[in-house]
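To convert, note that position 143 of the sequence shown is 143 in UniProt numbering; the numbers rise steadily by one, no gaps. Where is the CB? At the ideal position from N, CA and C, for every residue including glycine. Take a look at the structure below.
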Amino acid sequence: MNFQGSQTLNQPLQRVWDALLDPVVLQQCVAGCDKFERTSDTEYVSSVKVSIGPVSARFASTMTLLEMTPPSACTLRFAGQGGVAGFGKGEAKVALTAVSATETRLDWTADAQVGGKIAQLGARLIDGTVRKMSEDFFQRFAALLAAAPSDVAPGDTASVSPPTLPTPPQAVPDSVWVATLLVGAAVLLWWLA
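As structure tokens, this is what we get:
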């Protein structure tokens, strides 16, 4: 499955880049995520509860950053396993462009494959869920960046406590794929696709 999207954030380019690579920020922005950790300079692991239609499971995932061009682009390779619920794997490309000194456009594309029970749900249900999860991720991401003082680096929990993010409506399924996909939005999409 192929996904793409764009989001404009009222934050400087470097701040958005840093936040997209910060496991503390990502864990807060992915619905259902109870673990998002950096295991090396380019690798992350996460655990997220995902519900898509009648299928619900906890997914363990890995994400690897490739082709990094800080602070403007990177490729994410991801893989997630949810037991009998299925698996997801793929790649996402994230590009950041400074629109102005205080505004950044984030563009992403993702190609993903799913298998198991999730694959049996049908492309329309998965596509709708991914789009909703992506919107939820970006709302949380923008709210988190807007709530933290700009002089505090993302993940600097000693200087600022994380803001309380809006709870998504009940219709929004929890998901790990969203989290990792975007490492922003890219992360979201790759898991469900």
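request  = Would you please state the rounded distance, in angstroms, between the beta carbons of Ala112 and Gly90? I believe it to be under 8 Å.
outcome  = 3 Å
Beta-carbon proximity of Leu144 to Gly53, cut-off 7 Å = no
query = According to DSSP, which residues form a beta bridge with Gly90?
reply = Phe78, Ala112
ask   = Got a sec, what are the start and stop residues for the beta strand (DSSP E) Asp34 sits in?
value = Its beta strand (DSSP E) spans residues 33-38.
query = Taking the C-alpha atoms as reference points, what is the distance between Met133 and Ala98?
reply = Their backbone Cα atoms lie some 25 Å apart in a straight line.
query = To the nearest angstrom, how far is it from the Cα of Ala101 to the Cα of Ser40?
reply = 31 Å
ask   = What span of residues does the beta strand (DSSP E) with Met68 cover, start to end?
value = DSSP places Met68 inside the beta strand (DSSP E), whose first and last residues are 55-69.
task = Can you give me the Cβ contacts of Ala142 inside the same chain, cut-off strictly under 7 Å, excluding the 5 residues immediately before and after it?
result = Leu9
ask   = Hey, how far is the Cα of Arg38 from the Cα of Leu26?
value = Going from the Cα of Arg38 to the Cα of Leu26 covers about 11 Å.
ask   = Cβ atoms of Phe138 and Gln28: under 7 Å apart, would you say?
value = Going by C-beta atoms, Gln28 is not nearer than 7 Å to Phe138.
ask   = Hey, residue 196 and Gly116 are a contact pair by Cβ (cut 8 Å); roughly how many whole angstroms apart?
value = Since the first and last residues shown for the chain are 1 and 193, residue 196 lies out of range.
query = Among Glu43, Ser47, Arg15, which one has its Cα closest to the Cα of Asp34?
reply = Ser47
key: Status (buried if at least 16 other CB within 10 Å, exposed otherwise) for Gly83   = exposed
Under the three-state DSSP convention, the category Ser72 falls into = coil
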